[in-house]
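Enquirer: Numbering (our numbering), first residue to last: 6 to 173. One structure follows; several queries about it will come next.
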Amino acid sequence: MIVVEKENPQITVEDIVRSPCVPIYQGAPLTVALATFRAAKVNALPVLDDEAKLVGIITDRDIFNQTIVDSSVVMSDLGISDDEDNWTWEGLRNVMKLWYEVSRMDLPKLSVKEIMVKNLQTVFRKTLVGDAARIMRKNDFGQLPVRDSRDVLVAMVYDIDVVSTLAK
6 MIVVEKENPQ ITVEDIVRSP CVPIYQGAPL TVALATFRAA KVNALPVLDD EAKLVGIITD
66 RDIFNQTIVD SSVVMSDLGI SDDEDNWTWE GLRNVMKLWY EVSRMDLPKL SVKEIMVKNL
126 QTVFRKTLVG DAARIMRKND FGQLPVRDSR DVLVAMVYDI DVVSTLAK
């Protein structure tokens with residue numbers, strides 16, 4: 006990111022953004038947000054309110070921090086079946102105990118609004134890539150929502166998109 010900042014190519018954010026941008030409604034449950042992450046193949050979703058205004062952002066890290074992991078150790082006996090003689094080689098070779106850990110992950114019944122980042126930083130479509138890189142580096146962001154002159158969400162710019170400008 007620092008290299009992009011220093012070189013500050015005269016490329017605007019709108020020249021490098023990915024399409025489409027997939028937003029999510031603030032009232033959606035976390036399970037829906039997780040499914041949206043998977044389906045859209047992104048790790049951050051801009052959050053919209055009832056008037057379709059940008060009010061926050063939620064990342065996969067935010068959801069992971071809310072995840073409840075329930076793990077336990079389970080034992081399984083692998084042994085002699087009913088149709089085998091206890092004293093034959095076939096009956097004895099399959100006797101063993103198998104121990105393994107089982108984890109179950111649950112999400113609490115929360116809405117996106119309850120865990121989203123509300124004080125978000127954004128950039129405009131005409132923002133230079135170097136300026137976007139500086140905001141990302143200073144705030145440890147992997148992405149930024151992109152707005153137009155009417156303050157409407159138009160896209161997301163990701164750190165990989167910013168770094169890709171070095172190859173151009």
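Idealized CB from N, CA, C, for every residue including glycine.
Can you list, in chain order, the residues of its chain whose CB lies under 6 Å from that of Asp-75, leaving out five sequence neighbours each side?
Expert: Correct list, in chain order: Arg-109.
Enquirer: Drop a sphere of 10 angstroms on the beta-carbon of Gly-135, count the other beta-carbons inside from all chains shown, and report buried for 16 or more, exposed for fewer.
Expert: Buried.
Enquirer: What did DSSP end up calling Gly-32 once you bin it into helix, strand or coil?
Expert: It is coil, neither helix nor strand.
Enquirer: CB-CB under 8 Å to Gln-126, same chain, minus the five flanking residues each way: which ones, in chain order?
Expert: Ile-140, Asn-144, Phe-146, Leu-149, listed in sequence order.
Enquirer: Can you name the residues that DSSP bridges to Arg-152?
Expert: BP columns for Arg-152 point to Phe-129, Leu-158.
Enquirer: Taking the alpha carbon of Ile-63 as the reference point, which residue from Asp-54, Arg-142, Ala-38, Ala-45 has its own alpha carbon closest?
Expert: The candidate whose alpha carbon is nearest that of Ile-63 is Ala-38.
Enquirer: Taking the beta strand (DSSP E) that Val-52 belongs to, which residues open and close that run?
Expert: Taken as a continuous stretch (DSSP letters only), the beta strand (DSSP E) holding Val-52 covers 49-53.
Enquirer: For Leu-35, tell me which candidate among Lys-118, Ala-45, Asp-20 has the shortest Cα-Cα distance.
Expert: It is Lys-118 whose Cα lies nearest to the Cα of Leu-35.
Enquirer: Can you tell me the Cβ-Cβ gap for Val-18 and Thr-132, rounded? I've got them flagged as a contact below 8 Å.
Expert: Going by Cβ atoms, the distance from Val-18 to Thr-132 rounds to 5 Å, so yes, they are a contact pair.
Enquirer: Below 8 Å between beta carbons: does that hold for Leu-158 and Pro-28?
Expert: In this structure, Pro-28 lies closer than 8 Å to Leu-158 by Cβ.
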